[in-house]
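Those protein sequences? They're chains A and B, same order as listed. So for the first sequence, this note's numbering puts the first residue at 160; every next one is plus one. So for the second sequence, this note's numbering puts the first residue at 11; every next one is plus one. We put the beta carbon where it would ideally sit given N, CA and C, even for glycine. Computed from a predicted structure; not experimentally measured. Scroll down for the structure; my scribbles are underneath it.
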Amino acid sequence: MLSLLSRYADEAFWLGRHVERAENMARLLDVTGAFGRDQEAAAGDSAAIWRQALDVQADLERFQEEGRTLTPEEVIRFYTLDGENPGSIRACIASARQNALQLRPLLSVEVWEQLNGLYQDLTARAQRALAPGELSAFCSEIKLGCQTHAGIIEGTLYRDEAWYVLQIGRMLERADMTARLIDLRAPQIAPKGTVSRAPLDISQWTGLLRSAAGLHGYRRVHGAVVTPDRVAGYLIFDRHHARSIRTAIETVDGLLRELIRGYQLPWEDGIAAPLHELCIDLREGNVTTVIADGMRAFLDRIQQQVIATSDGLRDAFFATS
Amino acid sequence: MPGLLDAYSHDGAFCDMMGGLERLPHTSWLAARIDGMDLDDLRRRAEAAERELFRLGITFTVYSDREAIDRILPFDIIPRPLSAADWATIERGVVQRVAALNAFLDDVYHTQKVLADGVVPADLVLGNANYRPEMAGFEPPLAVYSHVCGIDIIRDADGRFLVLEDNARTPSGVSYVVENRRLMLRAFPDLFAQAHVRPVSDYGLHLRTALMELAPVWIPDPQIVLLTPGVYNSAFFEHVFLAREMGVPLVEGRDLFVDETDTVYVRTIKGPARVDVIYRRIDDDFLDPEAFNPESLLGVPGLMRAYLKGRVALANAPGTGVADDKALYAYMPRLIRYYLDQDPILENVDTHLCREPAGLSYTLANLEKLVVKPVGGSGGYGVTVGPLATRAEIERARALIEREPAAWISQPMISLSVCPTLVADGIEARRVDLRPFAVTGRETFVLPGGLTRVALQRGSIVVNSSQGGGSKDTWVLA
Chain A
160 MLSLLSRYAD EAFWLGRHVE RAENMARLLD VTGAFGRDQE AAAGDSAAIW RQALDVQADL
220 ERFQEEGRTL TPEEVIRFYT LDGENPGSIR ACIASARQNA LQLRPLLSVE VWEQLNGLYQ
280 DLTARAQRAL APGELSAFCS EIKLGCQTHA GIIEGTLYRD EAWYVLQIGR MLERADMTAR
340 LIDLRAPQIA PKGTVSRAPL DISQWTGLLR SAAGLHGYRR VHGAVVTPDR VAGYLIFDRH
400 HARSIRTAIE TVDGLLRELI RGYQLPWEDG IAAPLHELCI DLREGNVTTV IADGMRAFLD
460 RIQQQVIATS DGLRDAFFAT S
Chain B
11 MPGLLDAYSH DGAFCDMMGG LERLPHTSWL AARIDGMDLD DLRRRAEAAE RELFRLGITF
71 TVYSDREAID RILPFDIIPR PLSAADWATI ERGVVQRVAA LNAFLDDVYH TQKVLADGVV
131 PADLVLGNAN YRPEMAGFEP PLAVYSHVCG IDIIRDADGR FLVLEDNART PSGVSYVVEN
191 RRLMLRAFPD LFAQAHVRPV SDYGLHLRTA LMELAPVWIP DPQIVLLTPG VYNSAFFEHV
251 FLAREMGVPL VEGRDLFVDE TDTVYVRTIK GPARVDVIYR RIDDDFLDPE AFNPESLLGV
311 PGLMRAYLKG RVALANAPGT GVADDKALYA YMPRLIRYYL DQDPILENVD THLCREPAGL
371 SYTLANLEKL VVKPVGGSGG YGVTVGPLAT RAEIERARAL IEREPAAWIS QPMISLSVCP
431 TLVADGIEAR RVDLRPFAVT GRETFVLPGG LTRVALQRGS IVVNSSQGGG SKDTWVLA
């Protein structure tokens, strides 16, 4: 049987990434929104909270350059229904739909129907702005939509190379987002004794867990005590948490090996070796060492590895010319 | 209880369900069943079927401003029946016509005997934009040029089948034939139990088999691909459908390349893989920027080179368009006699060629009675229907014909046959045509039935999907 077309591999990879990105964005916005409301009730101002959302995505500069004003409404619009921002939920779903359209010959009718429906709903929805009170319900819908997509993929997609590539894309995106979320709070987990350690607000750390769907799991492991180091450790190293960096990277590593061996693809050591090294570090490392050596540098390495793996896959397998 | 067909009237037109002056024996049971149906129930089933079509993505895309809108071809739930005897005539007629088309193309690209004998004017062929000099002297596999051919057929007031148009290049619509049947089987399982309708679900198998026959015999397991212009093509969903039905990859031009040995490859994650047969749904002009339109980004540079060396098979062959021009159409009955030494089983509609003085003067003198068509057009565009046109429209047509007579033909207005159709007010007669699909490898297979297009507007004779037409399931009764 003919191997997967390079173009389809590319589309499948980005289908996985775009849907995952939309879901992660909904998670981030949902938690930021809830936190912003608390903050407003307490201090009367939530602008700083929303600035952080822009920070996580490294969008602050672009946001300001485009002459947007930093209000909760504007940031929410920027990340939800904005048609111009390629990082908005609407744009992610539109991109995912475009990927799925190209992939139609390989996808089940159900996958297309559901994703196309999600896209149509969002397009209709974008006719008017989202009221602040609607954010949470909106995010829930998006999360559910993305999870439904993942479920239909799980239940119907033929498990050939396209399935592997799609899951790899999805997990890389997940690792990237979890790293970004921790990075946002990194100033508060500078090594002990250094003056740069920022003032601690523990609710930010529970919010962080919640945005990564990790609060319940965390409590099962650590009980009710929430400390920054433990939260960071949990989100990086916990092998049972679905969205931890370790789980995501180990999954990518395993899938990549299976894909290359199972389909006798030319082994690309430049992609596989550094990824596997990172995997071992995540398996054997612990949060104390990471904090001592510098959290920022560690998270940078994760993000660099995500980029390197993505680029490596593109050059080795997806390139169409 | 009053029957649904009590008020049904089809005036002077032949009705495929009821017949002409005499009732049709083979459909009386079906008419009786429909007559006894409940209108609300029928509407519910129709709505469910249309929802299903949309859900399956059997759509064509309409572009407006910035938005791309997926629309379904409106589907009418009342089938269009054809008797076994009628079908036998159509089937034999289509096979004959396809044989003549392929013989003509083979001649045109080789000895051009037909031109030397004066059967067809040389300039009509050699001056045709769709004539491809590159094809001269080339031997396509099995000497077949038009592997997939759609012959548009209408039925006149006497119930006689007439050919209206040949589509020898890349005819579309067969996906509707197969999907419409699936919908009908779901909507009316009880009717099928009684009907014994010839199946259409094996089209993909027949197409795949014919394409396999085009590959060199020494290749044990030839790689077939379907080449599409991409997601922005209005027939993209049909391309997806056919690729899936055949179990072959759907590729775009950028997925393929031709190397220095003139071999065609498809890019896969495992590296390049050889391609042996391409069912292409891209027009000649866009097929290969090296050979044809250099601006084309849809095609594959070097594809013609590979094809002409016999390194890859193409279906349909380039240059096939020279045979399905509306002017050439007028010569088809003569070509059938010339090549096959047979009388045409399916007649043409009388056609006046404005390129000929007699045809021109007759056309200009009778514009009010005639249907005027551009020879190169498709989709019903540029057509003036004299009996329904305004004074100004007729004069505009006259000016266009006088400016360039060779670009026009005219035909009498045929009273197309009708079929009961579900409309806002109940069941009424609407005009229909038929496009059977013929697949030719070693032999020609004609899918039993074909696409019945229906003009949903009352009195309209334009069945094109781009102009408000819909479709019906065509039932060839055993």
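- Contact between Val215(A) and Leu340(A) holds, since their C-beta atoms are separated by about 6 Å, short of 8 Å.
- With a threshold of 8 Å between beta carbons, Pro259(B) makes contact with chain A.
- Counted as a single uninterrupted DSSP element, the alpha helix (DSSP H) harbouring Lys123(B) occupies residues 123–126.
- Contact check for Leu262(A) against Thr468(A) fails: the beta carbons are separated by 8 Å or more.
- Segment contact: the stretch 93–103 of chain B against the stretch 313–324 of chain B, fewer than three CB-CB distances shorter than 8 Å; contact not assigned.
- For Val227(B), the number of other beta carbons within 10 angstroms of its own is below 16, and it is reported as exposed.
- Under the 10 Å beta carbon count, Met342(B) is surrounded by 16 or more other beta carbons and is classified as buried.
- When secondary structure is reduced to three states using DSSP, Gln347(A) falls in the helix class.
- Residue contact with chain B for Gln223(A): absent (no Cβ-Cβ distance below 8 Å to any residue of chain B).
- Residues of the stretch 249–280 of chain A with a C-beta less than 7 Å from any C-beta of chain B: Leu260, Gln261, Arg263, Pro264, Val268, Trp271, Glu272, listed in chain order.
- Restricting attention to Glu144(B), Val473(B), Ala402(B), Gly13(B), the CA atom closest to the CA of Phe302(B) is found in Glu144(B).
- Contact annotation: Thr373(B) and Tyr339(B) have beta-carbon atoms that are not nearer than 8 Å.
- Taking 8 Å as the threshold, the shortest C-beta distance from Ala253(B) to chain A falls below it.
- Phe172(A) and Gln467(B) have their C-alpha atoms spaced approximately 46 Å apart.
- Per the Cβ contact rule, the stretch 423–441 of chain B is not in contact with the stretch 136–156 of chain B (fewer than 3 Cβ pairs under 8 Å).
- The C-beta of Ser165(A) comes closer than 8 Å to at least one C-beta of chain B.
- In the DSSP assignment, Gln257(A) forms no beta bridge with any residue.
- The alpha-carbon separation between Met454(A) and Gln347(A) amounts to approximately 10 Å.
- With fewer than 16 other Cβ atoms from the protein chains shown falling within 10 Å of its own Cβ, Gln223(A) counts as exposed.
- Between the stretch 389–406 of chain B and the stretch 42–52 of chain B, the count of Cβ pairs shorter than 8 Å is below three; the stretches do not touch.
- Contact between the stretch 406–423 of chain B and the stretch 12–31 of chain B is not established, with fewer than three Cβ pairs separated by less than 8 Å.
- Leaving aside the five residues that flank Leu294(A) on each side, the residues in its chain whose CB is nearer than 8 Å to its CB run, in chain order, Leu188, Asp189, Gly192, Ile235, Thr239.
- The stretch 119–194 of chain B is shown to contain whole beta strand (DSSP E) runs of 3 or more residues at 158–165, 171–177, in chain order.
- Ile88(B) and Ala178(B) have their alpha carbons spaced roughly 29 Å apart.
- In this structure, the alpha-carbon of Glu262(B) lies about 6 Å from that of Leu237(B).
- Close to Leu161(A), with beta-carbon spacing below 8 Å, are these residues of chain B in chain order: Gln233, Pro259, Val276, Thr278, Ala283.
- Fewer than three Cβ pairs drawn from the stretch 296–312 of chain B and the stretch 28–41 of chain B lie within less than 8 Å of each other, which leaves the two stretches out of contact.
- About 5 Å separates the beta carbon of Tyr289(B) from that of Ala325(B), a gap short enough to meet the 8 Å contact definition.
- For the C-beta of Thr307(A), not a single chain B residue is nearer than 7 Å; the gap to the nearest is close to 16 Å.
- In the DSSP assignment, Glu438(B) falls within the beta strand (DSSP E) that extends over 436–445.
- Annotation: the continuous beta strand (DSSP E) that includes Ser420(B) extends over 418–422.
- Interface flag for Val395(B) against chain A is unset, since no Cβ pair is found closer than 8 Å.
- Flagged as an interface residue toward chain B: Glu320(A), by a C-beta distance shorter than 8 Å.
- Measuring C-alpha to C-alpha distances from Pro239(B) to each of Phe247(B), Leu134(B), Leu426(B) identifies Phe247(B) as the nearest.
- When secondary structure is reduced to three states using DSSP, Thr337(A) falls in the helix class.
- Secondary-structure assignment with DSSP links Lys482(B) through a beta bridge to Asp86(B), Thr462(B).
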